[in-house]
Structures are given as structure tokens and as C-alpha cells.
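These notes concern the structure reproduced below.
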Amino acid sequence: MIRFDSVTKAYAGTSRPALNGVSLEILKGEFVFLVGASGSGKSSFLRLILKEETPTKGQIHVLGQHLNALPSRKVPYFRRNLGVVFQDFRLLPNKTVFDNVAFTLQVIGKSRGFIQEAVPDALKMVGLAGKSNRFPHELSGGEQQRVAIARAVVNKPAILLADEPTGNLDPATSAGIMTLLERINLGGTTVVMATHDAGIVDQMKRRVIELISGQIVRDERQGGYQTQAVPTVQGFARPDAPTPAPSTSAFPLSTEVAP
Amino acid sequence: MRLGLILGEVANGLRRNVSMVVSVVLVTFISLTFVGAAILLQMQIGQMKGYWYDRAQVAVYMCTAVDTTGNCTQTAATQAQIDAVEAQLQSAALAPYIERYEFETHEQAYANFQDQFADSPIAAFVTPETLNESFRVNLINPADADILIESLSGAAGVQNVEDQRGYLDQIFSVLNAASYTAIGVAALMLIAAVLLIATTIRLSAFSRRRELGIMRLVGASNRFIQTPFILEGVFAALIGSLLAGAAIVAIVQFFVQGYLQSTLQATTTLVGLSDAVVVVPILVVVGAALAAASAGVAISRYLKV
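Chains A and B, in that order, give the protein sequences. If you use the UniProt record's numbering, the first sequence corresponds to residues 1 to 259, in order. If you use the UniProt record's numbering, the second sequence corresponds to residues 1 to 305, in order.
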């Protein structure tokens with residue numbers, strides 16, 4: 001579904017790469033948390049999947065497409081298979097809830113009939129069936145994020161990328177959003193979520209990939225936000241350490257000690 | 001569905017950006033009017049060349065009793081000298097270049113002179129003898145005048161051999177200079193128009209950057225994203241070029257055909273509405289193409305994936 005082969009991404013004018021030799025594979029139907037400090041490369045990782053950036057080194061395959069070789073005129077068609085949700089929602093303030101979700105389908109040329117069916121379905125799925133004529137500023141933060149999620153999934157994407165979707169929300173509302181993402185994941189959509197929310201990660205017990213300074217230091221099934229293992233702490237203390245110990249094997253898989 | 005959506009976007013963009021759109025309309029209007037004027041001037045020059053070169057003759061002036069220039073020594077050309085020149089005109093060397101020629105006597109020259117300068121006091125002082133007798137030669141190709149000048153200027157009794165196109169070329173060079181000036185002004189104005197269109201489209205794209213960001217994210221094709229902006233530029237430029245076309249037609253109708261025609265009477269042919277009608281589509285196509293190109297370049301920055 002998503003495969004990175006020793007991917008390095010260095011932005012022009014910076015000495016330290018944002019991602020450094022990252023290799024991983026995410027399978028169909030997985031729910032993956034991407035954790036790590038700010039600047040550890042989470043966003044670069046998501047941008048590479050979206051082909052908003054091209055890797056400096058290494059190969060990326062997403063949905064059977066070799067992204068390095070994907071010509072830019074085909075990128076829009078590739079992106080129709082991905083849904084994206086952001087921390088700041090990115091709704092259009094002058095459009096109603098319905099129009100915000102419908103906009104996605106209009107601009108990729110879907111028929112009016114399809115839009116009339118798909119948009120109410122998506123809004124119902126996120127629990128906003130009765131609010132389709134409201135404007136974004138009339139909704140709470142949690143509701144706005146639900147609109148953004150409806151917009152991301154209305155075209156039934158195979159992969160949903162979420163960049164700190166609960167970053168602006170209180171814990172109760174966040175829990176609601178997570179339930180919704182879990183439901184979407186159960187429907188067969190692969191979900192990749194970058195987050196700082198330790199509580200959510202610990203509670204969900206899903207695959208956790210931890211990045212430090214652009215390198216994967218941990219990749220565990222049913223992991224928590226943090227392992228208390230000493231090498232990880234050292235990794236924090238010395239972000240420019242040559243190579244943090246090879247990922248999963250060095251760490252205990254249990255999360256009992258997680259805070 | 002998609003067409004309606006795109007046209008809606010275009011209308012939105014134009015409404016949000018009215019002052020910039022108006023300035024684009026005005027700048028394209030002025031610049032294309034200059035382009036049109038330059039084209040019309042070139043057409044006018046072409047028409048006048050066609051008209052006058054047909055009528056332009058090479059005049060072979062024979063000496064009068066008062067002339068001292070050329071081969072004259074204050075004696076009028078004798079009949080023998082006139083016959084010699086005529087014989088040369090009929091000779092195998094010159095005849096192939098000559099369409100026809102006429103001989104103008106003192107009396108005919110006097111009559112023409114009185115006719116041309118009827119209002120002038122000078123007409124009273126001129127007598128037939130002081131006016132040259134001349135051969136008026138129409139050439140098959142007016143450009144061959146030099147051949148005639150070379151072979152006849154040395155002949156006895158010939159005062160001067162004159163190519164009348166010389167007078168016309170001065171008029172044409174003035175008209176040419178005017179048309180090059182118009183082209184120069186038009187070029188500068190067109191550069192301004194192109195830059196202004198690009199700026200307008202950038203502003204329009206900037207005010208819609210949220211929509212553009214989401215469109216790119218959800219996979220709207222590049223063509224779908226850029227078409228509204230290009231249409232916006234083309235629409236504004238199209239209004240400007242149609243105004244310019246209307247201005248050109250009005251200039252031809254009221255200034256050229258109205259004022260100039262009545263002032264110059266029938267002395268020359270002037271460009272007419274049929275010429276203006278040829279110019280208008282040129283202006284419209286130039287305006288639309290420039291607008292499409294500059295808007296396309298301006299929006300391309302927003303299409304990078």
C-alpha cells in the first residue's frame with residue numbers, strides 16, 4: 001500500500017535531512033500513528049506520500065504507483081485516491097458544510113447526481129446529517145473537523161492521511177474524532193495519523209512509528225506514545241547521534257511502562 | 001456541470017477584481033488601438049503606392065530659351081533634338097520598358113499650369129515659352145526609371161530627366177515613420193498590458209489560494225484549475241480589443257472617410273471600412289492570445305505539484 005525504500009529527503013539550504021534513510025511498509029487496512037517531536041519529519045513523511053515533495057534519495061511506492069517516476073500531470077489523478085485531514089481543518093469559510101464537501105467532488109468532475117447522493121452519505125457518516133446548510137464559523141471545532149473528515153472520505157479514498165487532526169481539540173472531542181477515524185479504518189481505509197496526543201495513542205493500541213531527527217527509532221505493533229527504554233531517551237538527548245540503535249529489535253514491544 | 005462551475009468561478013474572479021479588470025480593459029484598448037492604427041497606416045501606404053506608382057511618370061524635360069541647367073545653353077531645344085529623343089524612346093534598347101509616352105507641348109504645359117495654379121498670382125507672369133516641353137513616359141515597371149534617366153540625361157537639348165516617384169517616396173517615408181511610431185507605442189503598451197494581466201491573475205489567484213490549495217490536494221486536474229484564470233484574463237482583454245476594434249472602425253468611418261476624404265477630395269484613395277473590418281479580427285485575436293499566454297504563465301506557479 002505504502003512502501004518507503006531508504007528514503008532521504010533533504011530540503012535545499014539545510015544541512016540536516018528532514019528524513020534520513022527511512023524504510024517501512026504500511027499494509028492495506030492498517031491504522032498507523034506517526035509520533036515524534038516537532039521537526040522530526042512527520043509532516044515531510046506525509047507530504048512525500050502525497051507527492052507534494054519528491055525524495056532526494058530512495059524509492060516510494062504508494063497504491064502500486066512508483067511516485068518517483070509519476071509524471072506531474074498524473075499527480076492530480078493519483079491524489080484522488082488519498083484523503084487528507086489537517087489540524088486547522090482548512091474549510092472554505094464562504095461555503096456551507098454541504099458545499100465544502102461537494103467542492104471536492106465538483107472539482108474532480110463528478111456528476112451532480114453523484115454529488116447529491118455521496119455528500120449526504122458522508123455527512124451522515126460523520127454525524128452531521130442535520131447541519132449541511134450551516135457555515136463553518138457556525139460550527140464547533142470538533143464539528144468543523146468532522147466536516148473536513150467528510151470532505152476527505154467522500155470520494156472513498158484508499159488511504160486517509162491525518163496531520164494532527166486532534167491538535168486543536170479538547171480531549172472529549174478528540175475521542176469522538178478518533179472513534180470516527182477508527183470507524184473509517186474498519187471500513188477498509190488505511191489511516192496514517194501524525195499526532196502529539198499521547199493519551200490517544202496509548203489508548204488505541206495501534207501500530208506506532210516514532211521518528212527522531214528524520215530516522216525511524218521505533219516501529220511497534222500495538223505500541224504506546226513513548227517507551228521508557230533508555231536508548232530512546234539517549235536519542236532525544238543527542239539528536240545528531242550517528243545512528244540510533246536499529247529500530248524495533250532493540251526495544252521492548254510491551255507498552256506497560258508507558259505513562 | 002463542469003462548464004457551469006468554471007464560468008461561475010470566472011464571474012466570481014471578475015467581480016472580486018473589478019478595478020484591476022477595468023485597468024486591463026483600458027490598457028488593452030489603448031494598445032490595440034495603436035496596433036490597429038499602425039496596420040491601417042501600412043494599408044494606406046500600400047494603397048497609395050498602388051495608386052500613384054501607376055500614375056507616376058518619368059518626365060524628360062526639353063530645354064527652353066531661358067534654361068541654363070542640364071545640357072541647355074539658353075537655346076530652346078530644336079525639333080531635331082526632340083525627334084532624336086523620341087527616336088531613342090522608340091529604340092530597341094528602351095522600348096521594352098515603356099508602356100506609352102506622350103509629348104507635352106508649350107501650349108499644353110501652359111494650359112496645365114494655368115489649371116493647377118489658377119488661384120495663384122504667379123499664373124499671370126508665366127508665358128508658354130518659359131515652360132518646358134516634355135516627354136511624359138509611363139513605364140511598365142516604375143522601378144526601371146533609372147534606365148531611362150541614364151540613357152536620356154546626356155542627350156542634346158534635354159534639360160532634365162525626372163522620376164516623379166521621388167516626390168512620392170518622401171510622402172511615403174513620412175507615413176512610414178508615423179506607422180513605425182504607432183508600432184513602437186503599441187509595443188510598449190502591449191508589454192504593459194501583458195504585465196498587468198499577469199498581475200491581475202496573480203491577485204485573483206492569491207485571493208482564491210484556499211480554494212486552489214484544496215483543489216490541488218483533492219486532485220483537481222491542472223487544466224481545471226487554470227482554465228477559470230485564463231478565461232478571466234482573456235475575457236478582460238477581449239472587451240479591450242473589441243473596444244479597440246470599435247475605435248478603429250469609428251476612426252475610419254468618421255475621420256478618414258468623413259474628414260480626410262472631404263478635405264483631400266478625390267486626389268487619393270483612402271482606406272475604407274472594408275479595410276477596417278480586416279483589422280478588427282486581427283486585434284481580437286492578438287488581444288486574446290496575449291491575454292491567454294500571460295495569464296497561463298502567471299497561474300503556472302500555482303500549479304506546481
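Just so it is clear, CB atoms sit at the ideal spot from N, CA and C, and this is done for glycine as well. Just so it is clear, the structure is predicted and the values come from calculations on it, not from any experiment.
Given 8 Å, three or more beta-carbon pairs between the region 45 to 60 of chain A and the region 171 to 181 of chain A | Counting C-beta pairs closer than 8 Å gives fewer than three between the region 45 to 60 of chain A and the region 171 to 181 of chain A, which falls short of the contact rule.
- [ ] Please go through the same chain and pick out, in chain order, the residues whose beta-carbon is closer than 6 Å to the beta-carbon of B/D54, but skip the five residues on each side of it.
- [x] If we look at B/D54 and ignore the five residues flanking it on each side, it has no Cβ neighbours.
Task: Contiguous beta strand (DSSP E) assignments of at least 3 residues, all confined to the region 28 to 91 of chain A - done: The region 28 to 91 of chain A contains these whole beta strand (DSSP E) runs: 31 to 35, 57 to 62, 82 to 86.
Checklist line | 7 Å Cβ shell around B/G296 - same chain, five flanking residues per side excluded | finding: Cβ within range, chain order: Q226, I230.
If I follow the unbroken alpha helix (DSSP H) through A/G142, where does it start and stop?
Where A/G142 is concerned, the enclosing alpha helix (DSSP H) stretches over 141 to 153.
| Collapsed DSSP secondary structure at A/M1 in the structure displayed | Correct three-state label for A/M1: coil.
Q. Does the beta carbon of A/I184 sit closer than 8 Å to a beta carbon anywhere in chain B?
A. Closer than 8 Å: no.
Whose CA, out of B/Y180, B/R15, B/L40, lies closest to the CA of B/A244? The shortest C-alpha separation from B/A244 is found at B/L40.
query = Nearest-angstrom Cα distance between B/E211 and B/A205?
reply = Answer to the nearest angstrom: the Cα atoms are 9 Å apart.
- Message: I want to know whether the region 189 to 202 of chain A touches the region 112 to 126 of chain A - three or more CB-CB distances under 8 Å.
- Response: Under the three-pair Cβ rule at 8 Å, the region 189 to 202 of chain A does not count as touching the region 112 to 126 of chain A.
| query | Is there at least one Cβ from chain A nearer than 8 Å to B/M215's Cβ? | reply | Contact of B/M215 with chain A is assigned, a C-beta pair being separated by under 8 Å.
Q.
Whole angstroms are fine: how far does the CA of A/G224 sit from the CA of A/N41?
A. In the sequence on display, residue 41 of chain A carries Gly and not Asn. Near 19 Å, if we compare the C-alpha coordinates of A/G224 and A/G41.
### Query
Which word fits A/P71, buried or exposed, when buried means at least 16 other C-beta atoms lie within 10 angstroms of its C-beta?
With fewer than 16 Cβ atoms within 10 Å of its Cβ, A/P71 is classed as exposed.
_If the cut-off is 7 Å on Cβ atoms, which residues from the region 221 to 234 of chain B count as contacting chain A, listed in chain order?_
Along the region 221 to 234 of chain B, the positions whose C-beta sits under 7 Å from a C-beta of chain A are S221, N222, F224, read in chain order.
### Residues that A/R90 contacts on chain B, provided the C-beta gap is smaller than 9 Å
In chain order: R210, G213, I214, L217.
> Buried or exposed: B/Y61, going by 16 or more other Cβ atoms within 10 Å of its Cβ?
Replying inline: When all chains shown are included, B/Y61 counts as buried.
When every heavy atom of the ligand ATP is checked, does at least one fall within less than 7 Å of the C-beta of B/Y101? In terms of ligand content, the structure shown is empty, and the ligand ATP therefore cannot be addressed.
Return the residues of the region 127 to 160 of chain A that lie within a Cβ-Cβ distance of less than 7 Å from chain B, sorted by chain order. Cβ contacts with chain B: none found.
Taking the C-alpha atoms as reference points, what is the distance between B/I197 and B/V24? Linking B/I197 to B/V24 through their CA atoms gives a straight-line distance of about 6 Å.
With 16 other Cβ atoms within 10 Å as the buried cut-off, status of B/A65: With fewer than 16 other CB atoms across the displayed protein chains lying within 10 angstroms of its CB, B/A65 is exposed.
What residues are listed by DSSP as bridge partners for A/T8?
DSSP output for A/T8 lists A/K57 as bridge partner(s).
### Query
Is the Cβ of A/R47 closer than 8 Å to any Cβ of chain B?
It does not; no Cβ of chain B falls within 8 Å.
- [ ] Using a Cβ cut-off of 7 Å, pull out every chain A residue sitting near residue 361 of chain B, in sequence order please.
- [x] The displayed coordinates of chain B run from 1 to 305. Any statement about residue 361 of chain B would go beyond what the structure contains.
Reference B/G46; option with closest CA among B/T200, B/F172, B/I201 | Nearest of B/T200, B/F172, B/I201 to B/G46, Cα basis: B/F172.
Please confirm whether B/A109 and B/L131 have their CB atoms less than 8 Å apart.
Their beta carbons are under 8 Å apart, which means B/A109 touches B/L131 by this criterion.
field: Residue-chain proximity (A/P76, chain B), Cβ-Cβ < 8 Å
entry: It does; some Cβ of chain B falls within 8 Å.
Q.
Which residue wins for smallest C-alpha separation from residue 306 of chain B, given the options A/R73, A/N68, A/V35, A/V84?
A. Lying before the first or after the last residue shown, residue 306 of chain B is absent from chain B, which here runs from 1 to 305.
Using beta-carbon positions only, say whether B/V279 and B/I248 come within less than 8 Å of one another. With respect to B/I248, B/V279 sits close: the two C-beta atoms are nearer than 8 Å.
Exercise. Consider the Cβ of A/T190: report whether some Cβ of chain B lies at a distance smaller than 8 Å.
Key: Closer than 8 Å: no.
Going along chain A, which residues have a C-beta under 7 Å from B/L243?
Within 7 Å of the CB of B/L243, no CB atom of chain A is found; the nearest one sits about 33 Å away.
Tell me, please, whether the region 203 to 211 of chain A touches the region 22 to 40 of chain A by the rule of three or more beta-carbon pairs shorter than 8 Å. Flag = yes, the region 203 to 211 of chain A and the region 22 to 40 of chain A touch.
Between which two residues does the alpha helix (DSSP H) carrying B/G36 extend? That run of the alpha helix (DSSP H) goes 18 to 55.
Spell out a yes or no on whether the region 124 to 142 of chain B and the region 185 to 194 of chain B are touching, meaning 3 or more CB-CB pairs, one atom from each, closer than 8 Å.
-> Contact fails between the region 124 to 142 of chain B and the region 185 to 194 of chain B, because fewer than three Cβ pairs, one in each stretch, are under 8 Å apart.
### Task
Enumerate, from N- to C-terminal direction, the unbroken beta strand (DSSP E) stretches of 3 or more residues contained entirely within the region 98 to 145 of chain A.
DSSP runs (the beta strand (DSSP E)) wholly in the region 98 to 145 of chain A: none.
TODO: For chain B, find out if any of its Cβ atoms is closer than 8 Å to the Cβ of A/I108; answer yes or no.
DONE: So, interface residue.
query: Hey, B/Q88 and B/N138: beta-carbon distance below 8 Å or not?
result: In this structure, B/Q88 keeps its C-beta atom at 8 Å or more from the C-beta atom of B/N138.
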